[in-house]
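Chemist: I am attaching a structure below and will ask some questions about it afterwards.
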Amino acid sequence: MSELSVNHLLGIKYLNKQDIQLIFETADHFKEVINRPIKKVPSLRDITIANLFFENSTRTKLSFELAEKRLSADVINFSASQSSVKKGETLIDTVNNILSMKVDMVVMRHPNPGAGVFLSKHVKASIVNAGDGAHEHPTQALLDSYSIRERLGEVKGKNIVIVGDILHSRVALSNIYALQLQGAKVMVCGPKTLIPKYIDKLGVKVETDLRKALEWCDVANMLRVQNERMDISYFPSTREYTQQFGVDKALLDSLNKEITIMHPGPINRGVEITSDVADSDQAIILDQVQNGVAIRMAVIYLLASKIKQ
Amino acid sequence: MSQKVLLNATEVNIILHRLACQLIEKHNDFTNTVLVGLQPRGKFLAKRLAKILKEDYKIKDLKLGLLDITFYRDDFRRSDKPLEANTTEIDFVVENKNVVFIDDVLYTGRSIRAALTAIQSFGRPEEIELLTLIDRRFSRHLPIQPNYRGRQVDAINKEKVIVQWQEQGDKDAVYLINN
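Here you go:
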């Protein structure tokens, strides 16, 4: 087994194909571990990890924390709403204060794009980006690809469509990088107002007709409409969005093949997908959540192995 | 570099049969015993012993598992090379079973220490024993000794014992290599 080419996981953009392969192979072993009667290994017992969440998160934070604990790391949690950030402390000061308590690794979610990259240049710790604004969310993209690999055998050569709010989505950007790196073809589909202007520069297809997109793809990754990030109205009404870009069972059954449905969560049931789709055998949404823990264990384990004593 | 043959294919075969008989002497029909090969190198020895027990000694329900100890090792972040993980294949419960660990060379005993911790993730065994083909004497870092040994070898630290299995391409042999 080789090593990762990076010391931080700041984005998929900084990884190469071998890194992704290594993360997946390591995750295979951890997936076996988390299905044992005792789901814990002692590898990281001398590592301390700080989870810094400057933005709300439920499942990513739980998933990271569980992954860290399954590896026996010591974990400290921090959320911006209850901290001195409110009193005007800068990011570097906040993090350096935490690091002076002998922390080895930082998992950070931040509303500003590039916060992780900035931090990695100024502090001595391994940084894992758990989402930075609308920029990247690398572990989500890794677990999405890992789930596709698990379901379809491999990612290479597959057609993947990402449907919905591409403009505000860090999941979309990280997924585009990750899927292309592994040799998949990527399409984005959504209202024109929610598709970034120069997205074709990334080499992805753009489609505004959902049916055409679904007929082209093997996998559809349905994104949530991020109302909390929308400062203006991007489409007339939720009902109209659902009519044009929502997936229901009748639509899936009318296609000439069976496609796989993914969703990074949280789902707005009845908006981007209906309940009968979310709960069907075609959806691998809960597999994604389970794989999330294995992928995050793999990422943390591989980065920690590069922290020399 | 000099290389000395410690055991040739015939000798390995005789030893494997002797070890199989010793196991039968203790565990009879293996109803309450499971064999666990330690990854990566113990796999070959474990599979070979299981084959002999099944084919030559007609043991029917023999359970064989493979245990990877990578995540339980005590040299994480301390060795120069990244640690390479292997698959664990244990599809039975070890609760109240007699477990026999199988590895090719017993050297410092640190892998066995890691295996003792790792196996606890699969339940609480009644008893754990250790079988090794080669026991390198005077080189232990921990108070661990085998219950069944193929051959005891006195090798100084810079010497290396290499076990070669027919499954890997060439014929069975054990070599002592002096760098």
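Protein chains in written order, with the numbering used here: chain C, 1 to 309; chain A, 1001 to 1179.
Ideal Cβ positions, reconstructed from N, Cα and C, are used throughout, including at glycine.
This one's a predicted model, so the numbers in the text were calculated from it and none came from an experiment.
#1: Could you please give me the residues that DSSP links to residue 1071 of chain A through a beta bridge?
#2: Output the distance between the C-alpha atoms of residue 1074 of chain A and residue 1127 of chain A, rounded to the nearest integer angstrom.
#3: Under the rule that 16 or more other beta-carbon atoms within 10 Å means buried, what is residue 64 of chain C, buried or exposed?
#4: Take the Cβ of residue 175 of chain C as the centre, count every other Cβ of all protein chains shown within 10 Å, and call the residue buried at 16 or more, exposed below.
#5: Of all the residues that make up the segment 140-170 of chain C, which are near chain A by a beta-carbon distance shorter than 9 Å?
#6: If you draw a straight line from the C-alpha of residue 1087 of chain A to the C-alpha of residue 166 of chain C, how long is it?
#7: Can you check whether the C-beta of residue 308 of chain C is within less than 8 Å of a C-beta belonging to chain A?
#8: So the alpha helix (DSSP H) residue 167 of chain C belongs to, where does it begin and stop?
#9: List the residues of chain C whose Cβ lies closer than 8 Å to the Cβ of residue 1122 of chain A, in chain order.
#10: Determine, using beta carbons only, whether residue 1077 of chain A comes closer than 8 Å to chain C.
#11: With distances taken from CA atoms, which of A:1179, A:1165, A:1169 and A:1178 is nearest residue 1007 of chain A?
#12: Which residues in the same chain have their Cβ closer than 6 Å to the Cβ of residue 170 of chain C, if we skip the five residues on either side of it in sequence?
#13: Mind checking whether residue 186 of chain C and residue 162 of chain C have CB atoms under 8 Å apart?
#14: Using the beta-carbon of each residue, which ones in chain C are nearer than 7 Å to residue 1072 of chain A?
#15: Count the C-beta pairs between the segment 1007-1024 of chain A and the segment 34-45 of chain C that are closer than 8 Å, then say yes if the count reaches three, no if not.
#16: If you scan the segment 115-169 of chain C from start to end, which runs of the alpha helix (DSSP H) of 4 or more residues do you find wholly inside it?
#17: Can you list, in chain order, the residues of its chain whose CB lies under 7 Å from that of residue 202 of chain C, leaving out five sequence neighbours each side?
#18: Does the beta carbon of residue 215 of chain C sit closer than 8 Å to a beta carbon anywhere in chain A?
#19: Against chain C, with Cβ distances strictly below 8 Å, would residue 1155 of chain A count as a contact?
#20: Mind checking whether residue 1035 of chain A and residue 1016 of chain A have CB atoms under 8 Å apart?
#21: Does any CB atom of chain A fall closer than 8 Å to the CB of residue 67 of chain C?
#22: Strictly below 8 Å CB to CB, what residues from chain A border residue 2 of chain C?
Modeler: So, to answer that:
#1: For residue 1071 of chain A, which the question treats as bridged, DSSP gives no partner whatsoever.
#2: 23 Å
#3: buried
#4: buried
#5: none
#6: 38 Å
#7: yes
#8: Counting along the chain, residue 167 of chain C falls outside any alpha helix (DSSP H), and DSSP gives it neither H nor E.
#9: 36, 37 and 38
#10: yes
#11: A:1165
#12: 131, 134, 135, 136 and 137
#13: yes
#14: 41 and 42
#15: no
#16: 115-122 and 138-152
#17: 176
#18: no
#19: no
#20: no
#21: no
#22: 1082
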